Amino acid sequence: MTEVIDLLLAVKPWAGSFLLLVGAIMGIIGAIGMLRFPDVYTRVHAASVIDTGAMTVAIVGMLLLAPTWTIAIKLAAIWLFLFITGPTSSHALINAAYKANLQPLIGAEARKPQRPDGGAS
Amino acid sequence: MIGAASLGLIVAILLLLVRALRGPTLYDRVAAVNALGTKTVLLIGAIGFLLGRPEWLDIAILYALINFVTTIAILKFFRYRSFQVPMVRREDS
Numbered sequence: 001m002t003e004v005i006d007l008l009l010a011v012k013p014w015a016g017s018f019l020l021l022v023g024a025i026m027g028i029i030g031a032i033g034m035l036r037f038p039d040v041y042t043r044v045h046a047a048s049v050i051d052t053g054a055m056t057v058a059i060v061g062m063l064l065l066a067p068t069w070t071i072a073i074k075l076a077a078i079w080l081f082l083f084i085t086g087p088t089s090s091h092a093l094i095n096a097a098y099k100a101n102l103q104p105l106i107g108a109e110a111r112k113p114q115r116p117d118g119g120a121s
Numbered sequence: 001m002i003g004a005a006s007l008g009l010i011v012a013i014l015l016l017l018v019r020a021l022r023g024p025t026l027y028d029r030v031a032a033v034n035a036l037g038t039k040t041v042l043l044i045g046a047i048g049f050l051l052g053r054p055e056w057l058d059i060a061i062l063y064a065l066i067n068f069v070t071t072i073a074i075l076k077f078f079r080y081r082s083f084q085v086p087m088v089r090r091e092d093s
């Protein structure tokens with residue numbers, strides 16, 4: 001039993017660094033989606049899903065790296081705050097865009113190649 | 001490996017900055033800046049662990065708070081053209 005605990009303690013920093021790297025790669029994927037999607041609604045979809053997901057993975061990685069309990073509690077506070085406010089701000093953003101009569105691209109219009117200035121409207 | 005993660009987060013921030021500068025509408029820019037703020041929180045934490053000073057997480061908490069308030073304030077200003085409007089539901093909206 002002690003061997004298992006020693007092995008877990010030895011592998012913990014590596015697992016934390018790996019999860020942090022995975023979170024960073026997910027962030028790059030979300031940024032590419034933000035660059036390539038055609039209109040506001042799809043872009044915010046990519047940004048908000050990736051924000052919550054990549055943030056959770058990276059903070060779990062940092063929790064595995066945390067040396068003391070104080071650091072771990074601060075990380076948990078950051079996670080809770082971002083987990084609540086990320087979807088809230090995305091919702092407010094899309095609500096404002098919809099109230100400003102910004103129409104989403106639907107159907108054949110969305111499959112047309114992008115204009116050189118990078119998007120619709 | 002934490003350094004590679006920090007580099008990846010910096011690359012993501014640069015890509016989001018391209019969208020924030022090019023974005024055709026206001027909402028693209030606000031979405032890019034919001035996502036950029038979340039990535040910045042993670043970057044501050046990662047650099048804190050990279051340099052062996054995890055106390056930087058205090059700054060990360062502060063940045064997360066400021067980021068949310070900034071997004072809501074920008075959206076409110078560009079919808080009502082003023083900060084001095086109560087955010088309650090009106091009957092005609």
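The listed protein sequences correspond, in order, to chains A and B. The first sequence maps to residues 1 to 121 in this note's numbering. The second sequence maps to residues 1 to 93 in this note's numbering. Backbone N, C-alpha and C define an ideal beta-carbon position, used for all residues, glycine too. The structure presented is a predicted model; accordingly, all values stated were derived computationally and were not measured.
Shorter than 8 Å from the beta carbon of residue i to some beta carbon of chain A?
| i | result |
| --- | --- |
| Val30 (chain B) | yes |
| Phe77 (chain B) | no |
| Val11 (chain B) | yes |
| Ser82 (chain B) | no |
| Thr40 (chain B) | no |
| Leu15 (chain B) | yes |
With a threshold of 6 Å on Cβ separation, who are the neighbours of residue i within its own chain once the five nearest residues in sequence on each side are excluded?
| i | result |
| --- | --- |
| Val41 (chain B) | Ala60, Tyr63 and Ala64 |
| Leu16 (chain B) | Ala32, Ala35 and Leu36 |
| Leu21 (chain B) | none |
Please state whether DSSP places residue i in a helix, a strand or coil.
| i | result |
| --- | --- |
| Asn101 (chain A) | coil |
| Lys66 (chain A) | Checking the displayed sequence, the identity of residue 66 (chain A) turns out to be Ala instead of Lys. Three-state result, Ala66 (chain A): coil. |
| Phe83 (chain A) | helix |
| Pro54 (chain B) | helix |
| Gly23 (chain B) | coil |
| Gly119 (chain A) | Legend: pLDDT at Gly119 (chain A) = 47, less than 50; position of this residue unreliable, value from coordinates given subsequently. Correct three-state label for Gly119 (chain A): coil. |
| Phe83 (chain B) | coil |
| Gly48 (chain B) | helix |
| Val88 (chain B) | coil |
Is the CB of residue i under 8 Å away from at least one CB in chain B?
| i | result |
| --- | --- |
| Ile106 (chain A) | no |
| Lys12 (chain A) | no |
| Pro67 (chain A) | yes |
| Leu80 (chain A) | no |
| Asp51 (chain A) | yes |
| Ala15 (chain A) | no |
| Leu64 (chain A) | no |
| Val60 (chain A) | no |
| Ile5 (chain A) | no |
In chain order, what residues of the same chain lie with their CB nearer than 7 Å to the CB of residue i, ignoring the 5 residues before and after it?
| i | result |
| --- | --- |
| Ala5 (chain B) | Ala46 |
Going by Cα to Cα distance, which pick from the options is closest to residue i?
| i | options | result |
| --- | --- | --- |
| Gly27 (chain A) | A:Ala92, A:Leu35, A:Leu93 and A:Asp51 | A:Asp51 |
| Leu43 (chain B) | B:Asp58, B:Arg79 and B:Pro86 | B:Asp58 |
| Leu20 (chain A) | A:Met55, A:Ile32 and A:Ala96 | A:Met55 |
| Ala77 (chain A) | A:Asp39, A:Val11, A:Val60 and A:Ala97 | A:Val60 |
| Thr70 (chain A) | B:Glu55, B:Lys76 and B:Ser82 | B:Glu55 |
| Thr95 (chain A) | A:Val11, A:Val40 and A:Leu75 | As written in the sequence, residue 95 (chain A) is Asn, which differs from the Thr given in the question. The candidate whose alpha carbon is nearest that of Asn95 (chain A) is A:Val40. |
| Arg36 (chain A) | B:Gly23, B:Phe68, B:Val30 and B:Leu9 | B:Gly23 |
| Leu9 (chain B) | A:Ala15, A:Ala24, A:Met1 and A:Phe18 | A:Ala24 |
| Ala100 (chain A) | B:Phe49, B:Phe83, B:Leu75 and B:Ser82 | B:Leu75 |
For residue i, decide whether its Cβ has a neighbour in chain D, counting only Cβ atoms nearer than 8 Å.
| i | result |
| --- | --- |
| Thr56 (chain A) | The structure shown contains no chain D; its protein chains are A and B. |
Output needed for residue i: all residues of its chain with C-beta closer than 8 Å, excluding positions within five of it in sequence on either side, in chain order.
| i | result |
| --- | --- |
| Ile13 (chain B) | Leu36, Lys39, Thr40 and Leu43 |
| Ile2 (chain B) | Ala46, Phe49 and Leu50 |
Mind listing, in chain order, the continuous alpha helix (DSSP H) runs of no fewer than 4 residues lying wholly within the region 6-64 of chain A? none
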